[in-house]
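Sequential numbering from 245 applies to the sequence shown in the working numbering.
Glycine residues also receive a C-beta, built at the ideal position from the N, C-alpha and C atoms.
Computed from a predicted model, the values in this text were never measured in an experiment.
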Amino acid sequence: MKKILFLLALYAGSFYQSQTNRFIYELQYRKDTSDEYRKNLMNLDISPKSVKFYDKTFADYDSINKSANRPVSRYSTKTDQVIERAPNSFNNKWYRDFHDYFVVNTHDEMKWMLLQETQEYNGYKLQKATTDFGGRTWNAWFSNDVNIKEGPYKFRGLPGLIFILEDTDKNFIYKLVSNKKLNTEVETKDFIETHYGKSAIPISNEKFNKYVQDFYENPARIFSESLKNGQKTSFKNESVESVEELNKKKEMLQNGIKSRYIYIEKDKEPSFKTK
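1. Quick one: what does DSSP say arginine 266 is sitting in, helix, strand or coil?
2. Figure out for me which residue from Asn415, Lys493, Lys414, Pro396 has the closest Cα to the Cα of isoleucine 406.
3. Verify whether the separation of the beta carbon atoms of glutamate 328 and isoleucine 436 is less than 8 Å.
4. Compare the Cα-Cα distances from glutamine 371 to each of Phe377, Met357, Gly379 and report the closest residue.
5. Excluding the 5 residues flanking lysine 442 on each side, which residues of the same chain have their C-beta closer than 7 Å to its C-beta?
6. For chain C, is any of its Cβ atoms less than 8 Å away from the one on tryptophan 382?
7. Hey, quick one: how far does the alpha helix (DSSP H) through isoleucine 408 stretch, first residue to last?
8. Between which two residues does the alpha helix (DSSP H) containing serine 324 stretch?
9. Can you tell me which residues form a DSSP beta bridge with threonine 374?
10. To the nearest whole angstrom, what separates the beta carbons of tyrosine 460 and aspartate 324, a pair I think is in contact under 8 Å?
11. For isoleucine 501, which three-state DSSP category applies?
12. Between the beta-carbon of glycine 367 and the beta-carbon of phenylalanine 386, is there less than 8 Å?
13. Find out if the Cβ-Cβ distance for the pair valine 295, proline 331 is shorter than 8 Å.
14. Let me make sure I understand the geometry here. Which of Gly401, Val326, Ala312, Val421 has the alpha-carbon closest to that of aspartate 299?
15. Whose C-beta lies closer than 6 Å to the C-beta of asparagine 449 among residues of the same chain, with five residues either side of it excluded?
16. So is methionine 496 buried or exposed if we call it buried at 16+ other beta carbons inside 10 Å?
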């Protein structure tokens, strides 16, 4: 990683004339300190036209599908962190997958405080900066040697590329682990702009949360119509043949809805009623 990033720093002036630079982050995340970390690799793709952040598995499966000339593998985000924006912009398209497919437009300009504290990371000197965002306080470590003002998720606007990002409770930790230059513009229309043909419906975060909360109140509704029409369905690899049988699994379905995502912006997460 050091050698590649050094070359990027050396040619920073011509960076935006290249096609796509992909930075891969390891993301560790958990609900709170009592939980085990979930782990995902995340792609940050930076091109002259756009900046995109998403689960790396999307790109892996897309390569499989393109090789087969047909959709043989599909993936749904495990992180709820599928983002697209224009270069040098704080205006984000936040793609949300929850049965239907949505896009929430947000403006996320952050006020950073630069600190004198530094650390070494893979041969690079990183400087510390802090900000408050999404109901959490964040520490970022960026390199002045890599003149790219981007980072994971919606985080950007520092004098250099963010290598490490974590909230003060360490419930979300991003670390840059590799990067590569791609000779072509990355085509993402099948898994970002749409979800395998399902168009993204514009929605506000408030209405998205209401949609998820309604699902929680009646979690069986996505299966009920099929059962009423005489079709069988399955859940957790178990065959279900009636609405009554499905309703017995309500608590299991609700637990799945509550735990599907660990929301990075905890001031914007849905609230679930408990009895």
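On the basis of the coordinates in this document:
1. Looking at arginine 266 - three-state DSSP - the assignment turns out to be strand.
2. Comparing Cα-Cα distances from isoleucine 406 to each of Asn415, Lys493, Lys414, Pro396, the minimum goes to Pro396.
3. Against a cut-off of 8 Å, the Cβ pair of isoleucine 436 and glutamate 328 comes out as a contact.
4. When the alpha-carbon of glutamine 371 is set against those of Phe377, Met357, Gly379, the nearest one is in Met357.
5. In its chain, beyond the 5 residues on either side, Tyr345 have a beta carbon closer than 7 Å to the beta carbon of lysine 442.
6. Given the protein chain composition of this structure (a single chain), no chain C is represented.
7. From DSSP, isoleucine 408 is part of no alpha helix (DSSP H) but of the beta strand (DSSP E) over 405-411.
8. One point to set straight first is that residue 324 is aspartate, not serine, in the sequence displayed. That residue, aspartate 324, is in no alpha helix (DSSP H); it is neither H nor E in DSSP.
9. Answer is Met357, Asn383.
10. So it is not a contact: roughly 16 Å between Cβ atoms.
11. Isoleucine 501: helix per DSSP, three-state reduction.
12. No; because the gap between Cβ atoms is not below 8 Å, this pair is not in contact.
13. The answer is yes: Cβ separation under 8 Å.
14. The alpha carbon of aspartate 299 has as its nearest neighbour, out of Gly401, Val326, Ala312, Val421, the alpha carbon of Val326.
15. Only residues of its own chain outside the window of five on either side were considered, and among them Val348, Lys512 have a CB closer than 6 Å to the CB of asparagine 449, listed in chain order.
16. Flag for methionine 496 reads exposed.
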